[in-house]
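Visitor:
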Amino acid sequence: SQQGEEDPQALSIQEGENATMNCSYKTSINNLQWYRQNSGRGLVHLILIRSNEREKHSGRLRVTLDTSKKSSSLLITASRAADTASYFCATVFYSTLTFGKGTMLLVSP
Amino acid sequence: NAGVTQTPKFQVLKTGQSMTLQCAQDMNHNSMYWYRQDPGMGLRLIYYSASEGTTDKGEVPNGYNVSRLNKREFSLRLESAAPSQTSVYFCASSFHRDRGWKPQHFGDGTRLSIL
Numbered sequence: 286s287q288q289g290e291e292d293p294q295a296l297s298i299q300e301g302e303n304a305t306m307n308c309s310y311k312t313s314i315n316n317l318q319w320y321r322q323n324s325g326r327g328l329v330h331l332i333l334i335r336s337n338e339r340e341k342h343s344g345r346l347r348v349t350l351d352t353s354k355k356s357s358s359l360l361i362t363a364s365r366a367a368d369t370a371s372y373f374c375a376t377v378f379y380s381t382l383t384f385g386k387g388t389m390l391l392v393s394p
Numbered sequence: 202n203a204g205v206t207q208t209p210k211f212q213v214l215k216t217g218q219s220m221t222l223q224c225a226q227d228m229n230h231n232s233m234y235w236y237r238q239d240p241g242m243g244l245r246l247i248y249y250s251a252s253e254g255t256t257d258k259g260e261v262p263n264g265y266n267v268s269r270l271n272k273r274e275f276s277l278r279l280e281s282a283a284p285s286q287t288s289v290y291f292c293a294s295s296f297h298r299d300r301g302w303k304p305q306h307f308g309d310g311t312r313l314s315i316l
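Residue numbers (my numbering), protein chains in the order written: chain A, 286 to 394; chain B, 202 to 316.
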């Protein structure tokens, strides 16, 4: 399976700190996406990085992709309590999109 | 702008009962999807519809049927519910035939319990 696996499974930090989540996968990809899920809600797309890109930014989010190591990281800078959520990576290979199991992030005030 | 709307939000069924989960999107997307989310399992694709008039099986289609009623609506039917189908069901839509090339937009889910 090319399913991405997030690490850590859970992360607890204080407001203002940075949060880093990692995603590893096993096979080739065309792109990799990160989604956020607030408790009781659906997933919300955060950012998409293509296989020929190494880094991408969106506001306080920074995503890196290392295809040689088959891994990606999501960095949230200056975390806020509102960032508390589960974060999922999704790997894409042609028409197949596969979600990982997620990282639960808790940001305490 | 409603985005993706799922009904009902909650449902309790008895084993063997049938029901249909409804999904509608107002973003003029051509592709729609049904996922289930179970603790520790991430999201798993049940069925998808790349465009109006087509449907295809995903990773876990057994026990489910779907209907792409029109471009806006995509329903999921459980013909004879089983306890193993207790889950949270999400509908999503996107603007591309190849389901990984554009972001997917999700509804808020239907929480289904089967006793």
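Idealized CB from N, CA, C, for every residue including glycine.
Of the residues that make up the stretch 205 to 221 of chain B, which ones have a beta carbon closer than 9 Å to any beta carbon in chain A?
Guide: Listed by position along the chain: Val205, Gln207.
Visitor: Please say whether B:Gln223 and B:Met233 have beta carbons closer to each other than 8 Å?
Guide: Start at 1 with the first residue of the second sequence, and residue 233 of chain B comes out as number 32. Start at 1 with the first residue of the second sequence, and residue 223 of chain B comes out as number 22. Not a contact, by the Cβ cut-off of 8 Å.
Visitor: So that I know if they touch, is there some Cβ in chain A lying closer than 8 Å to that of B:Gly254?
Guide: Taking the first residue of the second sequence as 1, we reach residue 254 of chain B at position 53. Chain A, which has no Cβ nearer than 8 Å to the Cβ of B:Gly254, makes this no.
Visitor: In this structure, does DSSP put A:Ala366 in helix, strand or coil?
Guide: Along the first sequence, one-based indexing puts residue 366 of chain A at 81. Reduced to three states, the DSSP call for A:Ala366 is helix.
Visitor: I'd like to know whether the C-beta of B:Phe307 is nearer than 8 Å to at least one C-beta of chain A.
Guide: Sequence index remark: in the second sequence, residue 307 of chain B carries index 106 (1-based). It does: the Cβ of B:Phe307 has a partner Cβ on chain A nearer than 8 Å.
Visitor: Can a CB atom of chain B be found closer than 8 Å to the CB of A:Arg326?
Guide: Numbered from 1 along the first sequence, position 41 holds the residue referred to as residue 326 of chain A. For A:Arg326, the answer is yes, since a Cβ of chain B falls inside 8 Å of its Cβ.
Visitor: Rounded to whole angstroms, what is the Cα-Cα separation between A:Asp368 and A:Val329?
Guide: One-based indexing of the first sequence puts residue 368 of chain A at position 83. One-based indexing of the first sequence puts residue 329 of chain A at position 44. Spanning the two alpha carbons is a distance of roughly 12 Å.
Visitor: Mind reading off the beta-carbon distance from B:Glu253 to B:Arg269? Whole number of angstroms is fine, and I expect it under 8 Å.
Guide: As a working note, residue 253 of chain B is residue 52 in the second sequence. As a working note, residue 269 of chain B is residue 68 in the second sequence. Contact flag correct, Cβ pair sits at about 6 Å.
Visitor: Provide the residue(s) that pair with B:His306 in DSSP beta bridges, ordered along the chain.
Guide: Here residue 306 of chain B refers to the residue found at position 105 when the second sequence is read from its first residue. Looking at the DSSP assignment, B:His306 forms a beta bridge with B:Ser294.
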